[in-house]
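**Student:** Before I ask anything, here is the structure I am working with.
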Amino acid sequence: MTAGRPRKPTELKRLLGNPGREKLPDRNKVIMLPQLTHQPPAHLTKVQKEKWSELRRLAPWIAVTDESLLTSLIEKMSRQKQLSKELKKANFVLYTDKGYAYANPLFGM
1 MTAGRPRKPT
11 ELKRLLGNPG
21 REKLPDRNKV
31 IMLPQLTHQP
41 PAHLTKVQKE
51 KWSELRRLAP
61 WIAVTDESLL
71 TSLIEKMSRQ
81 KQLSKELKKA
91 NFVLYTDKGY
101 AYANPLFGM
């Protein structure tokens, strides 16, 4: 990895007018991936489907090749929220039958 700021995407350079006058790839040689336009997967919960729609609205460039990653992200976000709620109800520190303290396993999840 190189140090410093990450490079601006080519699409953003084209949109902003390429102020650095950097040579950009020819548009005819660039493969455009189709955007993800269909509805959320049926197995998602209602809340997860709402999050899917929100992310699609905020990030319209998400391509069909990103569908599984987007689905996985939404499921993990939902699981993390659920674990956080569970942890707020429980103690952060638990004790063995002999009195030794240990971190609640939910904390590591």
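Using this note's numbering, you'd call the opening residue of the sequence shown number 1 and step up by one each time. Idealized CB from N, CA, C, for every residue including glycine.
Report whether the distance from the Cβ of leucine 106 to the nearest heavy atom of the ligand NAD is below 6 Å.
**Tutor:** With respect to small molecules bound, the structure shown includes none, and the ligand NAD cannot be examined in it.
**Student:** Taking the alpha helix (DSSP H) that valine 47 belongs to, which residues open and close that run?
**Tutor:** Here the alpha helix (DSSP H) through valine 47 covers 46-58.
**Student:** Please state whether DSSP places leucine 106 in a helix, a strand or coil.
**Tutor:** DSSP places leucine 106 in helix when its eight states are reduced to three.
**Student:** Just checking my contact of tryptophan 61 with glutamine 35 at CB under 8 Å: how many whole Å lie between their CB atoms?
**Tutor:** About 7 Å; that satisfies the 8 Å criterion.
**Student:** Is the beta carbon of leucine 33 sitting closer than 7 Å to the one on threonine 10?
**Tutor:** No, they are not a contact pair.
**Student:** In chain order, what residues of the same chain lie with their CB nearer than 7 Å to the CB of lysine 90, ignoring the 5 residues before and after it?
**Tutor:** A small correction: the amino acid at residue 90 is alanine; lysine does not occupy that position in the sequence shown. Here the set comprises Asn104, Leu106.
**Student:** Taking aspartate 26 as the reference, give the member of Arg14, Ala59, Leu70, Gln82 with the closest Cα.
**Tutor:** Comparing Cα-Cα distances from aspartate 26 to each of Arg14, Ala59, Leu70, Gln82, the minimum goes to Arg14.
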